[in-house]
Amino acid sequence: MRLSPVEVSDGAVAIGGRPVLRGIDLTVAPGEFLALMGPNGSGKSTLVRAMTGLRPLSRGQVTLFGTPLAEFRDWRRVGFVPQRSSAESGVPASVWETVSAGRLTRRRLLRPLGAADRRAITSALELVGLADRARDGVGTLSGGQQQRVLIARALAGEPELFLLDEPTAGVDALNQRALADALRGLKDLGATVVLVAHELGPIAPLVDRAVVMRDGRIEHDGELREQDLSHHDHHHRRAGAGAHALRVSAPLDGLAGGPAEGRRP
Amino acid sequence: MSPAELFSLPFMQRALIAALFTGLAAPAIGTYLVQRRLALMGDGIGHVAVTGVAIGLLTGWSPTWTAVLVAAAGAIAIEVIRERGHTNGDVALALLFYGGLAGGVLLTGIGGQSASRLQEYLFGSLLTIGISDVIVTMVLATVVVVVALGLAPQLFAVSHDREFARVAGLDVRVYNLLVAVLAAVTVTVAMRTVGLLLVSALMVVPVATAQQVSRSFRATLVGAMVLGLVASVGGLALAAVASYRVNVAPGPSIVLLALAMFAVTWPVGVWLRHRSRRVAPFADEPLGHEVSDDHDHREHDHGPDCGHLAVPHDDHVDYVHDGHRHAKHGAHYDEH
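Residue numbers (my numbering), protein chains in the order written: chain V, 1 to 265; chain X, 1001 to 1336.
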């Protein structure tokens, strides 16, 4: 039997003395596409950050590929896609350079990029559909394209487990489809995917298992339920426009007829 | 004395060698500081290093080495304060900066040294660079450049995205401290040519100039090193030639030359950014189907050679003219 790529047992996280997560038991099966869902502040981002070690547990244990996190050194098996940072870096970086950082898990010190590195970077860019933008500055890309660059960066390291923190945040409806295509590519490669999402939108068909968080606990673990899709939609309408200033449009808006409707033949 | 004779003097050659190495090293490490938005860190380290120089002058030890040690300690302190993420971190840094400068001036006075002795270190000096200073400068600058270029992939990743670098298994704290110590070493290396109070300019201005025209990190790094070399050697030569008439310290002339290069490049950068904004793909907004009917297109067919600005829009091309965005749709054009 293959080891679980990521397992959390009795996990709890406290930030500044406040318990943010508690009683988390979660075992992700190899090849699973798991969506961590829930309203803002429910702890879903904290949980995925705890899986990477960026957020230490106050209790319990995280195990990656059978090894406790504190002893885990095989980072090439993990690909992390952080939330797109709002602050731009002080120096321009090209798409190629950003994605090549993903190879650092496999490169030795003071060695130039090898042929295998270049192949991996190129195919990662192809999978997210940005091969033609490799030489452009990341700052000139749209938000959704920048998010795909970050996915390509994780992909370039050829990991078995992807941890994505809100890849759909602030991405408009059309770019969400391109994003969903890129994620489908990861799934087709046989990778395990744990993805934090406030809304699934076009990603919904890919999800094998939905874990819905509420107030730092797991509320639901299993099939993606209709109410998980509609609940959030409802939540948004009630919350009003100001509550999520970053959002451009709801991803579900594009689902009904598809954005292709009313466009050129 | 002709310029040729001037440049054949041993002290001038020593100064030129020091300027050459400094001009390469300062922007190399400066690029990483600018990347993590710490453009003024070099300035802070320079202030702290003043105390180091004063300790050297007071005790009779080599001011270069006391400055290296004190500047490195200051840089590590700055990095630790930054990492702890105190809300008033910049205030803590300011305390360190001014403490360093005031302590240096005070110690120099206690040591009975004149202010002009300290000024050699604050604004650079041509005449006082000895052969051992040149050797130390060459060795330290080479170390800085080799590390800054050799570990470029790791340092880039750590400065670009700290969290991703950590999950990629890089020891972010070690790399951050490495950059801080290298910055301290660079400050000390540059103090004999540019001077402690202006060294930060040589770390930052060439980077700002290079990124006016570059799209990638590597181009910025290499371009900044070339510009730093030109500014450093050129500024030193200007100061030497000008010293026939007036007493010019090399630091100000090096920095002013670097700033002049920025002033020349800046309009180019503005134009490049303007152009890239104009041809940036239109946002993926929902498309309507609104047929353009306010004017006739029978006379003019948009195409690659029609002369109108062609902008990618999703899966097709919009042609921009007179405030319209026209996309071909069968026999007519849509307004987009």
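Note that beta-carbon positions come from the ideal geometry of N, C-alpha and C, so glycine has one too. These numbers were taken from a predicted model, which means no experiment stands behind them.
Taking a Cβ-Cβ cut-off of 8 Å, the neighbours of V/VAL78 in chain X comprise VAL1167, given in sequence order. Exposed is the label assigned to X/LEU1127, since fewer than 16 other Cβ atoms lie within 10 Å of its Cβ. For X/ARG1325, the uninterrupted beta strand (DSSP E) segment begins and ends at 1324 to 1329. Cβ contact annotation for V/LEU26 (same chain, cutoff 6 Å, sequence separation greater than five): VAL8, in chain order.
Measuring C-alpha to C-alpha distances from X/ARG1014 to each of X/VAL1246, X/ILE1129 and X/VAL1187 identifies X/ILE1129 as the nearest. Judged by DSSP in its simplified three-state form, V/PRO68 adopts strand.
For X/HIS1300, no alpha helix (DSSP H) encloses it, and the DSSP letter there is neither H nor E. Scanning its chain for C-beta atoms nearer than 7 Å, with the 5 sequence neighbours on each side dropped, one finds around V/PHE72 the residues LEU64, in chain order.
The C-beta of X/ALA1157 comes closer than 7 Å to at least one C-beta of chain V.
Straight through space, the alpha carbons of X/LEU1149 and X/LEU1272 are spaced by roughly 27 Å.
Taking C-beta separations shorter than 7 Å and ignoring five residues to either side along the sequence, the partners of X/LEU1257 in its chain run ALA1231, GLY1234, GLY1235 and LEU1238, following chain order.
Judged by DSSP in its simplified three-state form, V/GLU199 adopts coil rather than helix or strand. Within its own chain, the residues whose Cβ lies closer than 8 Å to the Cβ of X/GLY1103, once the five positions on either side in sequence are excluded, are VAL1050, THR1051 and ALA1054, listed in chain order.
Taking X/GLY1195 as the centre and dropping the five residues before and after it, the same chain places the C-beta of LEU1122, PHE1123, GLY1124 and GLY1251 closer than 6 Å to its C-beta, in chain order. Pairing X/SER1243 with X/GLY1042 gives a Cβ-Cβ distance that is not under 7 Å. Under a 10 Å Cβ-count criterion, X/LEU1016 is classified as buried, with 16 or more other Cβ atoms of the shown protein chains found around its own Cβ.
By the criterion of at least three beta-carbon pairs nearer than 8 Å, the region 220 to 229 of chain V is in contact with the region 199 to 208 of chain V.
Per DSSP, the continuous alpha helix (DSSP H) segment holding V/ARG119 begins and ends at 115 to 127. Bounds of the beta strand (DSSP E) holding V/LEU36 are 33 to 37. Residues of the region 89 to 101 of chain V with a Cβ closer than 8 Å to any Cβ of chain X, in chain order: SER89, GLY90, VAL91, PRO92, ALA93, SER94, TRP96, GLU97, THR98, SER100 and ALA101. Taking a cut-off of 8 Å on C-beta distances, the region 1212 to 1229 of chain X does not touch the region 1166 to 1176 of chain X, as fewer than three cross pairs fall below it. The C-alpha of V/THR46 is placed about 15 Å away from the C-alpha of V/ASP10.
For V/PRO68, the closest Cβ of chain X is not nearer than 7 Å. In this structure, the straight-line span from the alpha carbon of V/ARG2 to that of V/LEU195 is close to 21 Å.
In the structure shown, X/SER1159 adopts helical secondary structure according to DSSP, grouped into three states. The Cβ-Cβ distance between V/THR52 and V/LEU163 falls below 7 Å.
Residue environment: X/HIS1160 is assigned as buried (16 or more neighbouring CB atoms within 10 Å of its CB, all protein chains considered). Shown here, X/GLY1223 sits in a helix according to DSSP, grouped into three states. By the Cβ-count criterion, V/ASP74 is exposed, with fewer than 16 other Cβ atoms from all chains shown falling within 10 Å of its own Cβ. Of the candidates X/ALA1165, X/ALA1168, X/VAL1179 and X/ALA1115, the residue whose Cα lies closest to the Cα of X/VAL1145 is X/VAL1179.
For V/ARG118, no chain X residue has a Cβ inside 8 Å of its Cβ, as the nearest lies near 13 Å away.
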